[in-house]
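Residue numbers (the numbering used here): 24 to 478.
The C-beta atom is built at its ideal place from N, Cα and C for all residues, glycine as well.
What follows is one structure encoded as structure tokens, with my remarks underneath.
So this is what it looks like as structure tokens:
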């Protein structure tokens, strides 16, 4: 579930011709004290007879850990592996942004171009620029609704904006979206198992997608996600994403200045930084500067986190739809769990772990009820359902969506967080006995309003 902002001062340098150097063998582990056994134990604690995943850690260009659990294909008991192909959902946005920045550097577009220059008939604010789309600050959520806010005023995550950017890549390059990425990013980096997931295309080593419904593992089948376009239609493998992680510090193909600037927070109209750059979520996590992206799409969940100051990248690819209260079905939680196990003594205290307050049963009960989303995009409704509900259990406020339930920690009388992942619920302080609505803030990148429907 996902934020962002930044201006690019220097854009992509032209791709340099180079011969790709293969990643280190996945079995080769560094001998510098990385606690592999701790991560192995964590992965071994997960269910092994169902859907699974892959975890990889790359430091200063070297692969220092890979591990797997569960199955890439449950029906045939095919184990998860680093060369299995997974849908990467919104991590697609990072590659879409890189393609747009490359084209800008080549002079085929400018990130300051107005959206209407490239899409003349679109019903959108004429002030919206390509940079606003890249940073999720355009204010447009879909092609029908009025903009939520003045361009650049704030950020709110927009899949529709990145679908437009995927089309922009085609308009500016004269190529198809996936052909451009293959020629200018994937092939030069040796990412031969990364591409656009077209419904009928045969993809070797493709993992099957699963989710849990009412506690049971179910097969989602191979759904058609081509319509996600530049917002979420790519697949990849851990092998390939390791190659991309190496490029973030080795810069054999992608220009260092471009990558660095894309990972900086976008500056909003008021001068404050957003929580998103150009294709990256940007934040400081427990004292470490993080540029990352998560992805959650039909049967798959993943997270790619890069820590520029540490030249460290941690990757998790899962063939399970995200579940709130698990580590084995939540890529973001898993990645940060791995970092905590390996570098706990270097991290600042987790603010979400120390800020909880205790509330009385009466105060918790007044928040219980069902709240229906009013401005949630279709893909979020598909992932969570049209509403969320809250109830009290064992002195905790529980939140439930269609994937399951999880306990929340109270930060204040009206604000709660989901431990282990940056999901916040802010109930409205109304005059009546119960709040009439709430805002659900996901990873500081998406702010969704929901109104109470059982008053």
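query: One question on the structure: do residue 270 and residue 212 come within less than 8 Å of each other, judged by their Cβ atoms?; result: yes
query: Beta-carbon separation of residue 343 and residue 426 under 8 Å?; result: no
query: Let me know if residue 461 comes out buried or exposed under the rule of 16 or more other beta-carbons within 10 Å of its beta-carbon.; result: buried
query: From the DSSP output, which residues share a beta bridge with residue 85?; result: 82
query: So is residue 6 buried or exposed if we call it buried at 16+ other beta carbons inside 10 Å?; result: Because the chain spans 24 through 478 in this model, residue 6 falls outside it and cannot be assessed.
query: Give me the Cβ distance between residue 339 and residue 357, rounded to the nearest whole Å; I'm assuming they're in contact under 8 Å.; result: 5 Å
query: From 367, 412 and 149, pick the residue whose C-alpha is nearest to that of residue 61; which is it?; result: 367
query: On the DSSP bridge list, what partners appear for residue 308?; result: 311
query: Leaving aside the five residues before and after residue 101 along the sequence, list all residues of the same chain whose C-beta is less than 7 Å from its C-beta, in chain order.; result: 94 and 95
query: Once you ignore the five residues that flank residue 371 on each side, which residues in its own chain have a CB closer than 7 Å to its CB?; result: 309 and 310
query: The beta strand (DSSP E) spanning residue 330 covers which residue range?; result: 323 to 330
query: For residue 92, name the three-state secondary structure that DSSP assigns.; result: strand
query: Taking just the CA atoms, how far does residue 331 sit from residue 153?; result: 25 Å
query: Would you report the Cα separation of residue 230 and residue 65, rounded to the nearest angstrom?; result: 22 Å
query: What is the C-beta distance between residue 97 and residue 127, in whole angstroms, given that I count them as a contact (C-beta under 8 Å)?; result: About 43 Å; that fails the 8 Å criterion.
query: Opposite residue 421 in the DSSP bridges: which residues?; result: 414 and 430
query: Which word fits residue 241, buried or exposed, when buried means at least 16 other C-beta atoms lie within 10 angstroms of its C-beta?; result: exposed
query: From the DSSP output, read off the bridge partner residues of residue 234.; result: 241
query: Do residue 433 and residue 352 have their CB atoms nearer than 8 Å?; result: no
query: With three or more beta-carbon pairs closer than 8 Å as the criterion, would you say the stretch 193 to 201 touches the stretch 258 to 278?; result: no
query: Let me know the secondary structure DSSP gives residue 275 once reduced to three states.; result: coil
query: Based on the DSSP secondary-structure assignment, which residues constitute the bridge partners of residue 118?; result: Paired residues: none, contrary to the question.
query: Applying the 10 Å Cβ sphere with the 16-neighbour rule, what's the burial state of residue 324?; result: buried
query: So which of 168, 264, 236 and 158 has the shortest CA-CA distance to residue 86?; result: 264
query: Is residue 166 helix, strand or coil by DSSP?; result: coil
query: Should residue 146 be labelled buried (16 or more other beta-carbon atoms within 10 Å of its own) or exposed?; result: exposed
query: Quick check on residue 254: does DSSP put it in helix, strand or coil?; result: helix
query: How many Å lie between residue 99 and residue 179 at the Cα?; result: 41 Å
query: Anyone know if the C-beta pair for residue 395 and residue 471 falls short of 8 Å?; result: no
query: Where residue 430 and residue 188 are concerned, what is the direct C-alpha to C-alpha distance, given to the nearest angstrom?; result: 37 Å
query: Hey, how far is the Cα of residue 389 from the Cα of residue 458?; result: 8 Å
query: Is it a yes or a no for the stretch 279 to 295 touching the stretch 204 to 223, going by three-plus beta-carbon pairs under 8 Å?; result: no
query: Is the separation between the beta-carbon of residue 208 and that of residue 181 shorter than 8 Å?; result: no
query: Could you check what DSSP says for residue 248 in three-state terms: helix, strand or coil?; result: coil
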